[in-house]
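Have a look at the structure below, then the notes.
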Amino acid sequence: MAKTSKRSAGHTSTVHDQKLTRGEGGELHQTAEDLGLEVMTTAQGGPVADDQNSLKIGPRGPVLMEDFHFREKMFHFDHERIPERVVHARGYGAHGFFETYKSLSKYTRADLFQREGERTPAFVRFSTVAGSKGSFDLARDVRGFAVKIYTKEGNWDLVGNNIPVFFIQDAIKFPDVIHAVKEDPDSAFPQAQSAHDTFWDFISLTPESMHMVMWQMSDRTIPRSFRFMEGFGVHTFRLVNAKNESTFVKFHWKPKLGLQSVLWNEAVKINGADPDFHRRDLWTAIQSGNFPEWELQVQLFDQAFADGFDFDILDPTKIIPEEVLPPIAIGRLVLDRMPDNFFAETEQVAFMTQNVPPGIDFSNDPLLQGRNFSYLDTQLKRLGSPNFTHLPINAPKCPFAHFQQDGHMAMRNPVGRINYQPNSFGEGPRESPSRGFVPFPEAEEGAKARFRAESFADHYSQARQFFISQTRGEQHHIANALTFELSKCKLPVIRERVVSHLLNIDEGLANRVAAALGIKTMPEPADAAVPTRQDLPPSPALSIVERGPKRFEGRKLGILITDGTDAAVLKALQAAVTKAGAVVELIAPKVGGATLSDGSFVEADQMIDGGPSVLYDAVALLPSEAEIDALVQESTARDFVADAFAHCKFIGYVTAAEPLLAKAAVLDSLDEGCIKLDGAKDATGFVGELGQLRVWAREPTVKMN
Ligand code: HDD
1 MAKTSKRSAG HTSTVHDQKL TRGEGGELHQ TAEDLGLEVM TTAQGGPVAD DQNSLKIGPR
61 GPVLMEDFHF REKMFHFDHE RIPERVVHAR GYGAHGFFET YKSLSKYTRA DLFQREGERT
121 PAFVRFSTVA GSKGSFDLAR DVRGFAVKIY TKEGNWDLVG NNIPVFFIQD AIKFPDVIHA
181 VKEDPDSAFP QAQSAHDTFW DFISLTPESM HMVMWQMSDR TIPRSFRFME GFGVHTFRLV
241 NAKNESTFVK FHWKPKLGLQ SVLWNEAVKI NGADPDFHRR DLWTAIQSGN FPEWELQVQL
301 FDQAFADGFD FDILDPTKII PEEVLPPIAI GRLVLDRMPD NFFAETEQVA FMTQNVPPGI
361 DFSNDPLLQG RNFSYLDTQL KRLGSPNFTH LPINAPKCPF AHFQQDGHMA MRNPVGRINY
421 QPNSFGEGPR ESPSRGFVPF PEAEEGAKAR FRAESFADHY SQARQFFISQ TRGEQHHIAN
481 ALTFELSKCK LPVIRERVVS HLLNIDEGLA NRVAAALGIK TMPEPADAAV PTRQDLPPSP
541 ALSIVERGPK RFEGRKLGIL ITDGTDAAVL KALQAAVTKA GAVVELIAPK VGGATLSDGS
601 FVEADQMIDG GPSVLYDAVA LLPSEAEIDA LVQESTARDF VADAFAHCKF IGYVTAAEPL
661 LAKAAVLDSL DEGCIKLDGA KDATGFVGEL GQLRVWAREP TVKMN
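Okay, structure coming up:
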């Protein structure tokens, strides 16, 4: 006979412990505590007596339709998911603020730029483009950098990427480039990869993408952290001042901690070791009070500059090099609070390029114009109602008043009788020509046709400029990335077509990729719409390594310890790293921790199997003599060292670690990046070196991508 188990009593008390929601911004609220509730209720507010067992006739009998609690609970669960974003599905967001450095009223009437030191609330969502919501963080992919600033005159959304150019010039090609990069429609793979035939087929038939492809194949698309990457508004926008004078502007976010990327071989391994690497990094930094920060810099220019510039400022496949037009800093963005609820905020946030406050305006960039349609349209599909602006994360934080009403899930409707304008009752909001958004009155004329401007036709000059602006190591990474990606293309004709474009960018690069792919006969250079490529000077601002931060701040040192580890060395290292504004993680054979040489006990953050060196910016090996033999037997310990060396990381080590270095085939190759820690005194010097981030001189010897 079946036993009747009743497991209900006592479970509702856990409601007390759960902070269901919270938030300074007054967004979500209502924990069970706030409501003074002790008892679980249905969504209708009815107290629940038993949440463990459905309603049945007899202990082994059928379940009854009458069980409204079961049905409501199941109904809601069945409908928990909403469509993921058609692009940028995987993302992670945080709250913060934008602070204006000084008044920009000379250029713009935008309220947020008027007063020095004023802080305006902001929400940022970082993302990858191609992968699904559950894909891994370190795909080789462009990163989204979408910023919503809740200004006093409406939300401003700067929906950018970590690359300042785009694949296509006209929004009408967006569905094509996205179809091509996403998984194939028949097989539904590959996931979160551009390394497949359809992507490179489309790209090689679309030469305007060549500049972006150079960025995409560079280390920019495998950033070490969201905190270490730039963001770009991409398009040329306008700033418009109170006198209705317009200045063109390009927006750039510059990370305070400097730029840093991982190596491809690291990225592949990180995706296995910690698919949430970027999320965890942002979460941990903000939760521990290390608030990431970016400076907003702008390139400002007038029509005369635009007319004299080599390229069309409306073409989103072109940059204005910083050496040609130096950006100026106008404010900073600080992220200081994680959302209380991922779905409510990060998933439901709706960014739209058309969200601009008075004083910021669009240019005629055809990609931007098309985006201004797409973003509103997509929110209806994703969020299911035109009332998505009623969601706290999307609602303006300034007063707002209009006559929009009803629709699915309306949470805020106008009160009273008057819901139209004009009305003779003197009620309701009125438009204001002086305060409201007035488009810049640019005069337009021309024939109606499907044009592509001739001034958009040079697809190779800036692609070459990007390539020659990289260090030798970075160029090597681009060649390797192209080789890897094209090696995944099954059709030789696609590989060859890409190489034919590379010939127009840099012959050395083309030859290298062709040789690595085993292409026997070099193709002819691709036909170019503009026959002669301009030889532009290198722009050092385009290299990550050239402008490295030279600081270890914000980074992570992984220290491998065992029982008997020298306590003095460990403590000195921890102190020096903390002083440098970085963090330490301890990796031990057992996650429970280790007893140090002085008898003290430390907990470990990771077990060796779960904490490979790819998770760290640098490592230190502090095993004890007593434990080294056991450690050497661990293949993961050997990989820890071999990978750290191959990934050009700084390695600090004590003498007792030498057998492990030998086992990893590193002992005979020690270089200036492998630093002996003879005692606590050496800790500061070692940590000082870590500011270089990597030992690039080692790279040619390890032959690792
Ligand atoms: Fe887009 C999302 C950035 C071109 C259509 N885009 C989206 C997101 C970012 C960008 C960061 C994620 C926003 C979030 O976190 O919710 N997109 C860009 C940049 C582009 C660009 C920098 C070129 C300069 N996008 C672009 C074009 C179109 C779209 C040309 C269509 C004409 N993008 C969308 C979209 C998405 C989107 C389909 C999907 C989810 C969403 O909007 O809210 O509307």
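According to UniProt numbering, the residues represented by the sequence shown are 1 to 705, in order.
Ideal Cβ positions, reconstructed from N, Cα and C, are used throughout, including at glycine.
In this text the structure is predicted, and so the values were computed from the model without any measurement.
- Look at the stretch 86-169 and you find these whole runs of beta strand (DSSP E), each 3 residues long or longer: 91-100, 119-128, 143-151, 154-161.
- Here the alpha carbons of residue 352 and residue 84 stand approximately 16 Å from one another.
- The DSSP-derived three-state label of residue 299 is strand.
- Per DSSP, reduced to three states, the secondary structure at residue 336 is strand.
- Contact between residue 251 and residue 158 holds: their C-beta atoms lie close to 6 Å from each other, under 8 Å.
- Annotation note: the stretch 181-240 contains the following uninterrupted alpha helix (DSSP H) runs of length 4 or greater, listed N- to C-terminal: 197-204, 210-216.
- Taken from the Cβ of residue 349, at least one heavy atom of the ligand HDD lies inside 7 Å.
- Judged by pairs of C-beta atoms under 8 Å, the stretch 554-570 does not touch the stretch 471-486, as fewer than three such pairs exist.
- By the neighbour-count criterion, in which 16 or more other beta carbons inside 10 Å mark a residue as buried, residue 426 falls on the exposed side.
- Counting C-beta pairs closer than 8 Å gives three or more between the stretch 86-100 and the stretch 325-343, which meets the contact rule.
- Setting aside the 5 residues that flank it on each side, residue 552 is surrounded in the same chain by 580, 582, 690, 691, each with a C-beta closer than 6 Å to its C-beta; the list follows chain order.
- Remark: fewer than three beta-carbon pairs, one from each stretch, lie closer than 8 Å, so the stretch 643-656 and the stretch 220-229 are not flagged as touching.
- At a threshold of 7 Å, residue 88 counts as near the ligand HDD, since its beta carbon sits closer than that to one of the ligand's heavy atoms.
- According to the DSSP secondary-structure assignment, residue 254 is paired through a beta bridge with 295.
- In the three-state reduction of the DSSP assignment, residue 47 falls in the strand class, which pools E and B.
- DSSP assignment within the stretch 526-611 yields the following whole beta strand (DSSP E) runs of 3 residues or more, N-terminal first: 556-561, 583-588.
- Relative to the ligand HDD, residue 374 has its C-beta within less than 7 Å of a heavy atom.
- With respect to the 8 Å criterion, residue 293 and residue 256 are classified as neighbours on the basis of their beta carbons.
- Contact between the stretch 374-385 and the stretch 116-133 is absent: fewer than three C-beta pairs spanning the two stretches fall below 8 Å.
- Between residue 529 and the set 263, 206, 112, 185, the nearest pair of CA atoms involves 206.
- For residue 614, no alpha helix (DSSP H) run applies, since DSSP gives it neither H nor E.
- Assigned with DSSP and collapsed to three states, residue 425 falls in coil, not helix or strand.
- With a cutoff of 7 Å, residue 235 counts as near the ligand HDD, since its C-beta is closer than that to a heavy atom of the ligand.
- Boundaries of the beta strand (DSSP E) around residue 675: 674-676.
- Excluding residues up to 5 positions away in sequence, 129, 178 lie with their Cβ nearer than 6 Å to the Cβ of residue 87 in the same chain.
- By the neighbour-count definition (other C-beta atoms within 10 Å, threshold 16), residue 431 is an exposed residue.
- The Cβ-Cβ distance between residue 566 and residue 597 falls below 8 Å.
- With a threshold of 16 other beta carbon atoms within 10 Å, residue 380 falls short and is exposed.
- Closest by C-alpha distance to residue 459, out of 210, 240, 142, 198, is 210.
- Here residue 679 has no same chain residue with a Cβ atom under 6 Å from its own Cβ, once five neighbours each way along the sequence are excluded.
- Under the Cβ criterion (8 Å, minimum of three pairs), the stretch 486-504 counts as touching the stretch 191-202.
- Ranking 153, 327, 492, 588 by CA distance to the CA of residue 298 puts 327 first.
- Residue 57 is classed as exposed because its beta carbon has fewer than 16 other beta carbons within 10 Å across all chains shown.
- Taking 8 Å as the upper bound for CB-CB distance, residue 259 and residue 228 are in contact here, some 6 Å apart.
- In this structure, residue 318 sits away from residue 216, with a CB-CB distance that is not shorter than 8 Å.
- Counting the other CB atoms within 10 Å of its CB gives residue 49 a total below 16, which places it among the exposed residues.
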